[in-house]
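For the sequence shown, counting from 1, position 104 maps to 1139 in the working numbering; every step adds exactly one. Even glycine gets a Cβ: it sits at the ideal position worked out from N, Cα and C. Computed from a predicted model, the values in this text were never measured in an experiment. Structure, as structure tokens:
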Amino acid sequence: EVVAAALAHNALLLAHATAGPTVPVRFATPFSGSAAVRAALEAEAPRYRALLDTLGTSLEYGLALTGAAPEPPPPPAEESGRAFLRRRGSATQGRRARAAAQSRFAADLAARLAPLCRRLAPRATRPGVAGDFALLVPAGAGAALGAALVPLRQEAARVGLALRLGGPWPAYSFCEGSGDG
1036 EVVAAALAHN ALLLAHATAG PTVPVRFATP FSGSAAVRAA LEAEAPRYRA
1086 LLDTLGTSLE YGLALTGAAP EPPPPPAEES GRAFLRRRGS ATQGRRARAA
1136 AQSRFAADLA ARLAPLCRRL APRATRPGVA GDFALLVPAG AGAALGAALV
1186 PLRQEAARVG LALRLGGPWP AYSFCEGSGD G
């Protein structure tokens, strides 16, 4: 029941965010009644107005750069110690060069997408993710974002990465410090 209610809450926020400025509020905050809701909204009105100014009619997208290191070739049937060390050294250099190229691509990607976004915020990465970004994109600009990613997907593939775009969502990631989202 909680999952269904949370998904319904998110769908309601997304519908409002698609229609106009919306501050995504925290799901399941308890209030003792409508007077308590009104008092909370009045007390937080300046903060919510500032968030509405920041968010405008924008929606959030998530962009993850994922990839795995290629499988090393199997060792030869018979290999000398020197050949083994050379092969291991070469593999280590290859991994380092690939990681450096992926880091450069992630930084360049953020710079190239920034003009399409009201805000772009890096998020903490996880294993297998070379870059993870929250994008605050003006409503109606999602198609332009998708089109901009087409050539970038090919560039990403050249350094062993794939781009995964999610959204649109209510702008949860851009309500930091608000207690919401």
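CA-to-CA distance, Phe1209 to Gln1189, given in whole angstroms: What you label residue 1189 is simply residue 154 of the sequence shown in a count that begins at 1. What you label residue 1209 is simply residue 174 of the sequence shown in a count that begins at 1. So the alpha carbons of these two residues sit roughly 29 Å apart.
What separation, rounded to the nearest whole angstrom, lies between the Cα atoms of Thr1101 and Gly1068? What you label residue 1101 is simply residue 66 of the sequence shown in a count that begins at 1. What you label residue 1068 is simply residue 33 of the sequence shown in a count that begins at 1. The alpha-carbon atoms of Thr1101 and Gly1068 are separated by roughly 46 Å.
I believe Leu1042 touches Tyr1096 by the beta-carbon criterion, under 8 Å. Please report the beta-carbon distance rounded to the nearest angstrom. By one-based count along the sequence shown, residue 1042 stands at place 7. By one-based count along the sequence shown, residue 1096 stands at place 61. That belief does not hold up - the Cβ atoms of Leu1042 and Tyr1096 are roughly 19 Å apart, past 8 Å.
Which of the three DSSP states is assigned to Val1058 in this structure? Taking the sequence shown and counting its residues from 1, the one referred to as residue 1058 is at position 23. Val1058 falls in the coil class under three-state DSSP.
Residue burial classification, Gly1166 (beta-carbon count within 10 angstroms, cutoff 16): Taking the sequence shown and counting its residues from 1, the one referred to as residue 1166 is at position 131. Per the 10 Å Cβ criterion, buried.
In whole angstroms, give me the CA-to-CA distance for Tyr1207 and Gly1201. As a working note, residue 1207 is residue 172 in the sequence shown. As a working note, residue 1201 is residue 166 in the sequence shown. Rounded to the nearest angstrom, the two C-alpha atoms are 13 Å apart.
How long is the line joining the alpha carbons of Ala1176 and Leu1094, rounded to whole angstroms? Within the sequence shown, the letter at position 141 stands for residue 1176. Within the sequence shown, the letter at position 59 stands for residue 1094. About 9 Å.
Local conformation of Ala1138 per DSSP, three classes: Indexing the sequence shown from 1 puts residue 1138 at position 103. Note that residue 1138 is Ser in the sequence shown, not Ala. Of the three classes helix, strand and coil, the one that applies to Ser1138 here is helix, per DSSP.
Just the Cα atoms here: how many angstroms apart are Ala1197 and Leu1180? Position 162 of the sequence shown holds residue 1197. Position 145 of the sequence shown holds residue 1180. Taking the straight line from one Cα to the other gives about 16 Å.
Taking Cβ positions, are Trp1204 and Leu1049 nearer each other than 8 Å? By one-based count along the sequence shown, residue 1204 stands at place 169. By one-based count along the sequence shown, residue 1049 stands at place 14. Yes, these two residues count as a Cβ contact at 8 Å.
Identify which residue in Pro1173, Ala1134 and Arg1199 has its Cα closest to the Cα of Leu1151. Counting from 1 along the sequence shown, the entry for residue 1151 is found at position 116. Shortest Cα-Cα distance from Leu1151 to any of Pro1173, Ala1134 and Arg1199 involves Pro1173.
Please give me, in chain order, every unbroken run of the alpha helix (DSSP H) with length at least 4 that falls completely inside the segment 1165-1195. For secondary structure counted as the alpha helix (DSSP H) over 4 or more consecutive residues, the segment 1165-1195 holds these complete runs in sequence order: 1177-1193.
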